[in-house]
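Take a look at the structure set out below.
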DNA sequence: TCAGATTGGTCGTTTTAATGGACATAAAAC
DNA sequence: GTTTTATGTCCATTAAAACGACCAATCTGA
């Protein structure tokens, strides 16, 4: 990810917690960083970034770590339609395939 | 993520669904890919990968997209201690700071 | 206690993600 | 049907992730 613009603060916090929780989960299972890194097929330094919630690490790495910890189920529900409150009005089948901005005044929110 | 070794299949599936859900959520909100890309500070091509659940895209990008959609709360709970069934026995304070493998027979699970 | 092992951090290098532009396709709006 | 615009896709270039090796710090089991 391009790091020039800063990440939203709430996101940073969420990721930091995620990393800490991952570390705690690893410790509970008594898996060393070296062993975990091997299983994820990633270097120990990358795993370290994961446990700090570093935003630059790929989702694939995070997801695989969670999988090995047995905690990967929730990933699929992160943006599940059922949990999206904005989706009240439109049901899945009536979803337009594209977004169309009206000629004047587009959807930009100030 | 280093792509040489394949990703676990369940993980691949989960990510694919995540991408599809993200796309659906964007459509519901009538946000164009171009506008969304601008807001996340990434290119349209990267956003496209996100909507396909590409594992190689950084978690930071995914998280920011979810944040803009208003769906970022769950990230912090992905590996929350309360949801970790293996954590039954150890409570957070008694967590060892390091893992120690017994001299013979380490913790590797076959 | 204390020796051995794990972990944290740094650095130079390699590999890969992310870019951005151009073009084709397809879907809305009219 | 026509026009207009969003989206899909490809590719060369560039910025950044991931590596791996090392050292220092510190924990922990014996």
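Residue numbers (the working numbering), protein chains in the order written: chain W, 438 to 547; chain B, 438 to 547.
Here a beta-carbon is modelled for each residue, glycine too, at the ideal position from N, C-alpha and C.
Could you check if residue 545 of chain B is buried or exposed, using at least 16 other CB atoms within 10 Å of its CB as the buried criterion? With a pLDDT of 37 at residue 545 of chain B, under the threshold of 50, the modelled position of this residue cannot be trusted, and the question is left open.
Does chain B have any CB closer than 8 Å to the CB of residue 465 of chain W? Judged by the 8 Å Cβ criterion, residue 465 of chain W is in contact with chain B.
Assign residue 472 of chain W to one of two classes, buried (16 or more other C-beta atoms within 10 Å of its C-beta) or exposed (fewer than that). buried
What's the gap between the Cα of residue 514 of chain B and the Cα of residue 537 of chain W? 35 Å
Have a look at residue 500 of chain B and residue 490 of chain B and give me their C-alpha separation to the nearest angstrom. 13 Å
Whose C-beta lies closer than 7 Å to the C-beta of residue 487 of chain B among residues of the same chain, with five residues either side of it excluded? 456, 459, 494, 498, 499, 502
Using a beta-carbon distance cut-off of less than 7 Å, what residues from the segment 484-499 of chain W approach chain B? 492, 493, 494, 495, 496, 497, 498, 499
Taking all protein chains shown into account, decide if residue 548 of chain W is buried (16 or more other Cβ within 10 angstroms of its Cβ) or exposed. Outside the shown range of chain W (438 to 547) lies residue 548 of chain W, about which nothing can therefore be said.
Might you give, ordered along the chain, the residues of its own chain that have their beta carbon closer than 7 Å to the beta carbon of residue 450 of chain B, omitting 5 neighbours on each side? none
Which residue wins for smallest C-alpha separation from residue 463 of chain W, given the options W:485, W:444, W:511? W:485
Could one say the Cβ of residue 451 of chain B lies closer than 8 Å to chain W's Cβ atoms, at least one of them? yes
Any Cβ of chain W within less than 8 Å of the Cβ of residue 503 of chain B? yes
Starting from the C-beta of residue 481 of chain B, find all residues in its chain whose C-beta is less than 7 Å away, skip the five residues before and the five after it, and write them out in chain order. 470, 471, 474
List the residues of chain B that residue 508 of chain W touches, going by C-beta distances under 8 Å, in chain order. Under the 8 Å cutoff, chain B gives 515, 516, 520, 521.
Listing by chain order, which chain B residues have their CB less than 7 Å from the CB of residue 531 of chain W? Here the premise fails: no neighbours, minimum Cβ distance about 10 Å.
Are there 16 or more other CB atoms within 10 angstroms of the CB of residue 506 of chain W, so buried, or fewer, so exposed? buried
In three-state DSSP terms, what is residue 509 of chain W? coil
Under 8 Å between beta-carbons, which chain W residues line up against residue 455 of chain B? List them in chain order, please. The answer, in chain order, is 512, 513, 515, 516.
Can a CB atom of chain W be found closer than 8 Å to the CB of residue 481 of chain B? no
Would you kindly work out how many angstroms separate the C-alpha atoms of residue 438 of chain B and residue 448 of chain B, rounded to a whole number? 14 Å
Skipping 5 residues on each side, what residues in its chain have a beta carbon closer than 8 Å to that of residue 543 of chain B? Bear in mind that the predicted position of residue 543 of chain B carries a pLDDT of just 42, short of 50, making it unreliable; the figure below should be weighed with that in mind. Hits under 8 Å: none found.
Please list the segments of the alpha helix (DSSP H) lying wholly inside the segment 448-525 of chain W, counting only runs of 4 or more residues, in order along the chain. 470-477, 481-487, 496-506
Of all Cβ atoms in chain W, is any one closer than 8 Å to the Cβ of residue 536 of chain B? yes
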